[in-house]
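Here this note's numbering = 1-based position in the first sequence + 8.
For every residue, glycine included, the Cβ atom is placed at its ideal position computed from N, Cα and C.
Here the structure is laid out as structure tokens; the discussion comes afterwards.
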Amino acid sequence: MKAKIQDLLAQSIDRMVALKELSADAVPETLPVEASRRAGQGDYATGLAMSMARASGMKPRDLATRIQANLPSASFVERTVIAGPGFINFFLAKEALTGLVGEILERGDNFGKSAQGSLSRILIEFVSANPNGPLHVGHGRGAAFGDALARLLRAAGHHVDTEYYVNDLGRQMDILCVSVWIRYLQIHDLKIELPDGAYQGQYIVESARKLKHKDGSSLVSAEAAQIDIRLDDRDAALTELISRTRQILGEDVFFQLRDDILNDMVEMIRSDLILFGVEHDRWFYESQVSEQGDVDRAIKELREHGFLYEADGATWFRSSEFGDEKDRVVVRANGDLTYFASDIAYHLDKMRRDYDLVINIWGADHHGYVSRMKAAMEASGENPKRLQILLVQFATLFRDSVKMSMSTRSGEFVSLKELIEETGRDAARFFYILRKSEQHLDFDLELAKRQSGENPVYYVQYAHARICSVVRQMKERGLVRTSGDHSLLMQDSEMDLLRRLSRFSDVIQSAANDYEPHQIAYYLRDVATDFHSFYNKERILDCEDALRCARLDLIDAVRQVLANGLDIIGVSAPASM
RNA sequence: GCGCCCGUAGCUCAGCUGGAUAGAGUACCAGACUACGAAUCUGGGAGUCGGGGGUUCGAAUCCCUCCGGGCGCGCCA
Numbered sequence: 009m010k011a012k013i014q015d016l017l018a019q020s021i022d023r024m025v026a027l028k029e030l031s032a033d034a035v036p037e038t039l040p041v042e043a044s045r046r047a048g049q050g051d052y053a054t055g056l057a058m059s060m061a062r063a064s065g066m067k068p069r070d071l072a073t074r075i076q077a078n079l080p081s082a083s084f085v086e087r088t089v090i091a092g093p094g095f096i097n098f099f100l101a102k103e104a105l106t107g108l109v110g111e112i113l114e115r116g117d118n119f120g121k122s123a124q125g126s127l128s129r130i131l132i133e134f135v136s137a138n139p140n141g142p143l144h145v146g147h148g149r150g151a152a153f154g155d156a157l158a159r160l161l162r163a164a165g166h167h168v169d170t171e172y173y174v175n176d177l178g179r180q181m182d183i184l185c186v187s188v189w190i191r192y193l194q195i196h197d198l199k200i201e202l203p204d205g206a207y208q209g210q211y212i213v214e215s216a217r218k219l220k221h222k223d224g225s226s227l228v229s230a231e232a233a234q235i236d237i238r239l240d241d242r243d244a245a246l247t248e249l250i251s252r253t254r255q256i257l258g259e260d261v262f263f264q265l266r267d268d269i270l271n272d273m274v275e276m277i278r279s280d281l282i283l284f285g286v287e288h289d290r291w292f293y294e295s296q297v298s299e300q301g302d303v304d305r306a307i308k309e310l311r312e313h314g315f316l317y318e319a320d321g322a323t324w325f326r327s328s329e330f331g332d333e334k335d336r337v338v339v340r341a342n343g344d345l346t347y348f349a350s351d352i353a354y355h356l357d358k359m360r361r362d363y364d365l366v367i368n369i370w371g372a373d374h375h376g377y378v379s380r381m382k383a384a385m386e387a388s389g390e391n392p393k394r395l396q397i398l399l400v401q402f403a404t405l406f407r408d409s410v411k412m413s414m415s416t417r418s419g420e421f422v423s424l425k426e427l428i429e430e431t432g433r434d435a436a437r438f439f440y441i442l443r444k445s446e447q448h449l450d451f452d453l454e455l456a457k458r459q460s461g462e463n464p465v466y467y468v469q470y471a472h473a474r475i476c477s478v479v480r481q482m483k484e485r486g487l488v489r490t491s492g493d494h495s496l497l498m499q500d501s502e503m504d505l506l507r508r509l510s511r512f513s514d515v516i517q518s519a520a521n522d523y524e525p526h527q528i529a530y531y532l533r534d535v536a537t538d539f540h541s542f543y544n545k546e547r548i549l550d551c552e553d554a555l556r557c558a559r560l561d562l563i564d565a566v567r568q569v570l571a572n573g574l575d576i577i578g579v580s581a582p583a584s585m
């Protein structure tokens with residue numbers, strides 16, 4: 009609808025330019041049109057005359073009058089009014105609104121959406137938590153946001169693939185492996201302590217039990233009890249422990265064990281995500297990049313472009329030339345590659361696949377990495393604008409106003425799985441989506457669980473269930489239903505509802521453009537409000553046949569919009585609750 | 001110290017590329033079911049949009065500065 013009005017305005021402007029009433033360079037690239045906030049100010053309004061006033065040398069209201077005079081007539085516009093400092097308000101024709109009911113019912117699940125895959129090809133990478141433990145509530149926000157964004161962009165007409173990047177290399181895997189092994193030995197009554205830097209969580213113990221169940225006691229070694237590492241430095245002590253473990257178990261056994269544990273962790277993460285309704289199209293392993301020699305190639309490329317140098321025995325990337333605070337190490341003095349190096353290779357890989365846009369969703373604690381990653385892409389000859397990094401702020405979990413901690417290493421955290429089991433998938437997802445991503449999120453467990461109007465999830469779902477219930481009642485009463493005459497819809501509450509429904513596709517476009525799924529959640533709440541209000545004011549089934557059929561069509565249309573919107577944010581639309 | 005995010009009603013937050021009288025929810029108060037689900041609806045009070053400058057016909061929105069909160073500033077993972 010917004011686009012239709014923009015089109016009318018464009019025609020008027022073109023006409024004025026042709027008549028030399030207006031200079032073409034006074035015209036902005038996109039014509040501003042917005043849904044009116046207030047009744048009495050029409051359905052849509054434009055401040056175009058005001059924004060062009062100075063460049064055109066005309067007074068806003070005079071200019072508005074000229075624009076209005078040159079507007080072509082359109083059946084969906086009843087009238088236009090100039091108001092305030094120079095707004096042009098558009099009042100939609102009643103038929104344009106009532107005609108919407110048939111359109112919604114006809115388009116069904118596709119109403120509000122654009123033809124799929126017709127616009128850009130987009131890759132979204134999200135969650136990508138390290139496979140050293142279960143997902144916690146912090147990851148949940150990234151999961152809910154990323155998945156909703158993918159669905160939203162698809163609804164807006166893009167082709168979207170989703171991906172999870174698994175950091176399956178590096179020291180953390182060794183630490184994970186020894187952590188499980190030590191717990192395993194403890195289960196076998198060996199006296200050995202789990203050191204400080206190892207993973208402390210209860211899931212490590214469970215993993216060790218599973219290992220015992222599978223392997224019995226084949227990995228028990230009396231030597232293990234003799235391990236006695238006396239080093240003040242925590243990291244040095246861990247390094248020593250890792251190398252002793254490799255000696256005792258033997259390289260082959262150690263690597264096999266490490267792989268098994270990794271696979272367990274990845275499976276655990278994957279199944280938690282499925283429980284949450286999130287399924288990535290692709291799981292991409294860091295080891296893939298590394299085995300294919302991509303990291304070496306990426307570094308070689310940077311070197312050839314002249315952006316690498318040696319200092320203090322390490323190899324540095326001149327990221328500061330691209331706006332980063334300082335240069336970054338890609339190869340350490342000991343010859344090891346940094347994580348940054350393999351991240352560059354991975355991102356180059358993504359950038360060179362067949363996508364117009366690559367989106368990363370990162371936790372806000374990684375914001376320091378944004379400029380260096382964009383720098384690396386630019387230095388490698390890629391357009392950094394094709395890499396869009398969206399930051400999701402922290403989620404803090406509260407139970408009875410008490411803040412709950414979360415740290416994977418210490419093992420003190422509420423897992424995503426526990427959250428889903430406690431509040432349900434729908435409530436969890438809705439809550440995560442309800443805040444825009446730059447906003448810190450206080451997640452109130454008690455509120456999410458409450459089944460009342462205080463909880464916005466139920467409010468929206470209830471509207472959907474209520475409509476389904478009315479339709480069930482109709483069938484039970486054996487009432488006839490024919491295709492309705494929608495011109496019978498004329499009450500204020502009906503028009504408000506129709507006006508709201510007419511904005512659905514605009515909301516999808518706007519939310520998609522800004523990468524803001526929360527707009528959908530707010531819109532759905534407004535639809536539910538308008539519906540509940542209508543429902544309390546007007547009867548549906550106890551009307552004469554024609555009006556009843558018209559209203560049944562109307563609420564069917566409302567149900568369809570609610571269902572389509574809920575689907576975008578990954579929340580179910582129940583027929584009863 | 002430097003960088004990023006945030007500061008809007010008692011609380012939790014919206015506010016679309018600057019626009020017309022700043023909006024919801026919640027809490028509080030007062031009402032609405034012998035009728036389609038009261039997990040609902042109707043009405044009410046409540047804000048110096050953190051403070052101060054600036055740009056503009058017009059600023060919660062853009063710029064500067066200060067205050068307050070979160071996060072990040074490793075050859076860690």
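Alpha-carbon to alpha-carbon, residue j and residue i
{"i": "residue 424", "j": "residue 89", "result": "53 Å"}
{"i": "residue 179", "j": "residue 288", "result": "26 Å"}
{"i": "residue 191", "j": "residue 184", "result": "11 Å"}
{"i": "residue 484", "j": "residue 429", "result": "35 Å"}
{"i": "residue 530", "j": "residue 573", "result": "10 Å"}
{"i": "residue 552", "j": "residue 470", "result": "26 Å"}
{"i": "residue 513", "j": "residue 119", "result": "8 Å"}
{"i": "residue 293", "j": "residue 176", "result": "6 Å"}
{"i": "residue 343", "j": "residue 312", "result": "19 Å"}
{"i": "residue 125", "j": "residue 163", "result": "9 Å"}
{"i": "residue 571", "j": "residue 334", "result": "49 Å"}
{"i": "residue 85", "j": "residue 13", "result": "9 Å"}
{"i": "residue 322", "j": "residue 448", "result": "38 Å"}
Classification of residue i by the beta-carbon crowding that lies within 10 angstroms, buried from 16 upward
{"i": "residue 212", "result": "buried"}
{"i": "residue 317", "result": "exposed"}
{"i": "residue 481", "result": "exposed"}
{"i": "residue 121", "result": "buried"}
{"i": "residue 360", "result": "exposed"}
{"i": "residue 36", "result": "exposed"}
{"i": "residue 500", "result": "exposed"}
{"i": "residue 502", "result": "buried"}
{"i": "residue 549", "result": "exposed"}
{"i": "residue 80", "result": "exposed"}
{"i": "residue 187", "result": "buried"}
{"i": "residue 297", "result": "buried"}
Beta-carbon contacts of residue i that lie in its chain and below 6 Å, excluding the five residues immediately before and after
{"i": "residue 9", "result": "510"}
{"i": "residue 68", "result": "57, 58, 61, 93 and 94"}
Proximity test, residue i beta-carbon vs the ligand SAH heavy atom, cut-off 6 Å
{"i": "residue 112", "result": "The model on display carries no ligand, and the ligand SAH is accordingly not part of it."}
For residue i, the first and last residue of its enclosing beta strand (DSSP E)
{"i": "residue 99", "result": "95–100"}
{"i": "residue 412", "result": "410–412"}
{"i": "residue 319", "result": "316–319"}
{"i": "residue 395", "result": "395–400"}
{"i": "residue 169", "result": "167–174"}
Cβ-based neighbour list, residue i, same chain, cut-off 7 Å, excluding 5 preceding and 5 following
{"i": "residue 233", "result": "198, 199 and 200"}
{"i": "residue 123", "result": "165"}
{"i": "residue 76", "result": "88, 90 and 96"}
{"i": "residue 158", "result": "132, 168 and 170"}
{"i": "residue 64", "result": "30, 31, 34 and 71"}
{"i": "residue 540", "result": "471"}
Nearest to residue i (by Cα), restricted to the options the options
{"i": "residue 266", "options": "181, 306, 164 and 167", "result": "181"}
{"i": "residue 576", "options": "527, 145, 458 and 18", "result": "527"}
{"i": "residue 133", "options": "173, 107, 119 and 146", "result": "173"}
{"i": "residue 282", "options": "307, 479, 256 and 148", "result": "148"}
{"i": "residue 370", "options": "16, 150, 65 and 77", "result": "150"}
{"i": "residue 41", "options": "32, 27 and 17", "result": "17"}
{"i": "residue 431", "options": "443, 314, 406 and 259", "result": "406"}
{"i": "residue 385", "options": "401, 374, 399 and 366", "result": "366"}
{"i": "residue 472", "options": "555, 403 and 580", "result": "580"}
{"i": "residue 303", "options": "534, 74 and 356", "result": "356"}
{"i": "residue 535", "options": "566, 560 and 221", "result": "566"}
Residue interval of the alpha helix (DSSP H) (run including residue i)
{"i": "residue 228", "result": "Neither: residue 228 is in no alpha helix (DSSP H) and is coded neither H nor E."}
{"i": "residue 157", "result": "145–163"}
{"i": "residue 570", "result": "553–576"}
Cut-off 8 Å between Cβ atoms - residues of its own chain near residue i, not counting five sequence neighbours on either side
{"i": "residue 225", "result": "196"}
{"i": "residue 270", "result": "139, 176, 181 and 184"}
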